[in-house]
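**Q** The structure follows.
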Amino acid sequence: MSRIYVTRPFLPDINEFVNEIEPIFDSHILTNMGPVYNKFQHRLKDYLDVPELSLFVNGHMALEMAIQAFDLDKAGRERGGGEVITTPFTFVSTIHAIKRNGLTPVFCDINSDDYCIDADKIGSLITDKTVAIIPVHVYGHICDTDKIEGIAKQHGLTVIYDGAHAFGETYKGVGVGNFGDATMFSFHATKVFNTIEGGAIAFKDKAHSLPLHELKNFGIHDEEHIGAVGGNAKLDEFRCAMGICNLRHVDECIAARKEVHDKYHERLDGIKGLTLSSPGKDVKPNYAYMPLYVEPEEFGRTRDDLYKALKRKGIFARKYFYPALNEIDIYKDCPGGETRIAADVSRKILTLPIYDSLALETVDEICEIIRG
Ligand SMILES: *Cc1c(COP(=O)(O)O)cnc(C)c1O
């Protein structure tokens, strides 16, 4: 069997892409929010059904600049160091984005069923330095947005979701980018929808539109005025063209992922000690990931046993997310509550291959190896 990775990026037909980049060769406008950017931005805003959308070179910079655009860095400095309540069970980007804005991540434990931040544990972590909550819709499971909104309102906190895993999802029929003050999406090659590299911030208040636009372009306001300490995080015209192509196919990709998801459930459900994730109630899912929780006491083998058994056969599952980020050297001294569940899940979870072009026979073979 040829090597199987946890994901394989979707690419459109090459001619479709060529058609989409032809106007760039005519205009010679390669970047700086040109016509292809604007076309893609409009289409994506419609697809995600969000009030406002700003595109970035990647999800990480989108989150970093959203934190800055919402003045959380400033609010933090005014309080002699601002704190942001977040989860240790995420990709390291979430925590870096907080830290690189001069803020302190405060780690809150997660739920044992959906692996998202445990909203009931947020309240006790709020101090007079808390400026925001940055929860993560892990694996496309939607956080308890109602409860989080209640806490944020009560304490006057900003909420920015890391929605890198939640592209195109809805909760109770509402686009996931409508919750909180803002939501970051990632269009990295490994995500459900890609622009090679890319990302976006969806947000409610039009007042953030200009700051986000300027921050990604060095904080330049106009030819003679530079109003903010910006950076460079512009999504170029070629990547936007890729986005326009891939957006045409993303629904088919998600439908194909569902087949893979259903196959895994058919083969692995009911095995003692194994728990496969399922989409939450009221969620229109995107089947971005296929996490398998392995309880060695009951299953007889550990997560790492399965990881190695698969690897020997050329199947590269991933330990997303291990280690929990409050266990790594650079963040282990950050404040927070007890994170027993995050520690447990990070040691027992394995994300299995899932992507649109993964053959169902291959899923069968993967399940055979797991069943042992
Ligand atoms: C992928 C990812 C990011 C970063 O997105 P990039 O587009 O790769 O910069 C941030 N958070 C989470 C949870 C992710 O999975």
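Numbering (my numbering), first residue to last: 11 to 382. Think of the CB as a built atom: it goes at the ideal place given N, C-alpha and C, for glycine as much as any other residue.
For Ala-352, which of Ala-72, Val-67, Lys-131 has the nearest alpha-carbon?
**A** Taking the first residue of the sequence shown as 1, we reach residue 352 at position 342. The option with the nearest alpha carbon to Ala-352 is Lys-131.
**Q** If you drop the 5 nearest sequence neighbours on each side, which residues of the same chain put their C-beta closer than 7 Å to that of Asp-124?
**A** Mapped onto the sequence shown, residue 124 falls at position 114. Excluding positions up to five away in sequence, the list reads His-151, Gly-290.
**Q** For ligand 1, I want to know if Asp-246 counts as a neighbour, meaning its beta carbon is within less than 7 Å of at least one of the ligand's heavy atoms.
**A** Position 236 of the sequence shown, counted from the start, is the residue given in the question as residue 246. Between ligand 1 and the CB of Asp-246, the shortest heavy atom gap is not smaller than 7 Å.
**Q** Drop a sphere of 10 angstroms on the beta-carbon of Phe-203, count the other beta-carbons inside from all chains shown, and report buried for 16 or more, exposed for fewer.
**A** Against the sequence shown, residue 203 aligns to sequence position 193. Phe-203 counts as buried, since at least 16 other C-beta atoms from the protein chains shown sit within 10 angstroms of its C-beta.
**Q** Can you have a look at Gly-92 and say buried or exposed, based on whether 16 or more other CB atoms are within 10 angstroms of its CB?
**A** Looking up residue 92 in the sequence shown gives position 82. When all chains shown are included, Gly-92 counts as buried.
**Q** Where does His-231 fall in DSSP's three states?
**A** Residue numbering aside, residue 231 sits at position 221 when the sequence shown is read from its first letter. It is a strand residue.
**Q** Considering only the beta carbon of each residue, do Ala-176 and Val-186 sit closer than 8 Å?
**A** Residue 176 sits at position 166 when you count from the first residue of the sequence shown. Residue 186 sits at position 176 when you count from the first residue of the sequence shown. Yes, they are a contact pair.
**Q** Check for me: the alpha helix (DSSP H) holding Leu-362 runs from which residue to which?
**A** Stepping through the sequence shown from its first residue, residue 362 is reached at position 352. Not the alpha helix (DSSP H): Leu-362 falls in the beta strand (DSSP E), residues 359-362.
**Q** For Gly-253, tell me which candidate among Arg-13, Ile-31, Val-16 has the shortest Cα-Cα distance.
**A** Taking the sequence shown and counting its residues from 1, the one referred to as residue 253 is at position 243. Closest option to Gly-253, judged by alpha-carbon separation, among Arg-13, Ile-31, Val-16: Ile-31.
**Q** Is His-70 near ligand 1, judged by its Cβ being under 7 Å from some heavy atom?
**A** As a first step, residue 70 is located in the sequence shown; it is residue number 60 there, counting from the start. Checking every heavy atom of ligand 1 against the Cβ of His-70, one is found closer than 7 Å.
**Q** Hey, would you say the C-beta of Asp-59 is under 7 Å away from at least one heavy atom of ligand 3?
**A** Ligand 3 is not part of this structure, which contains only ligand 1.
**Q** Inspect the beta-carbon positions of Thr-100 and Leu-335 and report whether they are closer than 8 Å.
**A** By 1-based counting over the sequence shown, the position of residue 100 is 90. By 1-based counting over the sequence shown, the position of residue 335 is 325. Yes, the pair counts as a contact, with Cβ atoms nearer than the cut-off.
**Q** Terminal residues of the continuous alpha helix (DSSP H) containing Met-300?
**A** The residue given as residue 300 occupies position 290 in the sequence shown. Element bounds for Met-300: not the alpha helix (DSSP H) but the beta strand (DSSP E), 300-304.
**Q** I'd like to know whether the C-beta atoms of Arg-89 and Asp-138 end up nearer to each other than 8 Å.
**A** By 1-based counting over the sequence shown, the position of residue 89 is 79. By 1-based counting over the sequence shown, the position of residue 138 is 128. Result yes, Cβ atoms of Arg-89 and Asp-138 sit closer than 8 Å.
**Q** Taking Ala-162 as the reference, which of Thr-193, Phe-50, Ser-288, Val-141 has the closest Cα?
**A** Within the sequence shown, residue 162 is the residue found at index 152, counting from 1. When only C-alpha atoms are compared, the closest one is Val-141.
**Q** If you draw a straight line from the C-alpha of Ser-122 to the C-alpha of Glu-307, how long is it?
**A** Counting from 1 along the sequence shown, the entry for residue 122 is found at position 112. Counting from 1 along the sequence shown, the entry for residue 307 is found at position 297. For Ser-122 and Glu-307, the distance between alpha carbons rounds to 17 Å.
**Q** Give me the Cβ distance between Gly-283 and Phe-248, rounded to the nearest whole Å; I'm assuming they're in contact under 8 Å.
**A** For this step, residue 283 is matched to residue 273 along the sequence shown. For this step, residue 248 is matched to residue 238 along the sequence shown. Their Cβ separation, rounded to whole angstroms, is 47 Å, which puts Gly-283 and Phe-248 out of contact at 8 Å.
**Q** Using a Cβ-Cβ cutoff of less than 6 Å, which residues in the same chain neighbour His-106 once the five nearest sequence positions on both sides are dropped?
**A** Taking the first residue of the sequence shown as position 1, residue 106 is located at position 96. Cβ contact annotation for His-106 (same chain, cutoff 6 Å, sequence separation greater than five): none.
**Q** Return the chain-ordered list of same chain residues with a C-beta closer than 8 Å to the C-beta of Ile-236, the five sequence neighbours on each side being excluded.
**A** Looking up residue 236 in the sequence shown gives position 226. Cβ within range, chain order: Phe-228, Gly-229, Ile-230.
**Q** Compare the Cα-Cα distances from Asp-59 to each of Phe-117, Thr-193, Glu-375 and report the closest residue.
**A** Here residue 59 is taken as the residue at index 49 of the sequence shown, counted from 1. Asp-59 has its Cα closest to that of Thr-193, out of Phe-117, Thr-193, Glu-375.
**Q** Quick one: is Glu-224 buried, meaning 16 or more other Cβ sit within 10 Å of its Cβ, or exposed?
**A** Translated into positions along the sequence shown, residue 224 becomes position 214. Glu-224 is buried by the Cβ-count criterion.
**Q** Starting from Met-75, trace the alpha helix (DSSP H) in both directions and tell me its first and last residue.
**A** Along the sequence shown, one-based indexing puts residue 75 at 65. 69-79 is the extent of the alpha helix (DSSP H) around Met-75.
**Q** Is Asn-151 a contact residue of ligand 1, with contact defined as CB to any heavy atom under 7 Å?
**A** Locating residue 151 in the sequence shown gives position 141, counting from the first residue. Checking the sequence, you will find His at residue 151 rather than Asn. Incorrect: His-151 has no Cβ contact closer than 7 Å to ligand 1.
**Q** Can you name, in chain order, every residue of its own chain whose Cβ lies under 6 Å from the Cβ of Pro-363, other than the five neighbours on each side?
**A** Reading the sequence shown from its first residue, position 353 is the one you call residue 363. Cβ neighbours of Pro-363 beyond the five flanking positions: Ile-14, Val-16.
**Q** In whole angstroms, what separates the C-alpha of Pro-432 from that of Ile-77?
**A** Nothing can be reported for residue 432, as the shown portion of the chain is limited to 11 through 382.
**Q** Give me the Cα-Cα distance between Ala-238 and Gly-69, rounded to the nearest whole angstrom.
**A** On the sequence shown, residue 238 is found 228 positions in, with the first residue counted as 1. On the sequence shown, residue 69 is found 59 positions in, with the first residue counted as 1. About 21 Å.
**Q** Can you tell me whether Ser-12 is helix, strand or coil according to DSSP?
**A** Sequence index remark: in the sequence shown, residue 12 carries index 2 (1-based). The answer is coil: DSSP assigns Ser-12 none of H, G, I, E or B.
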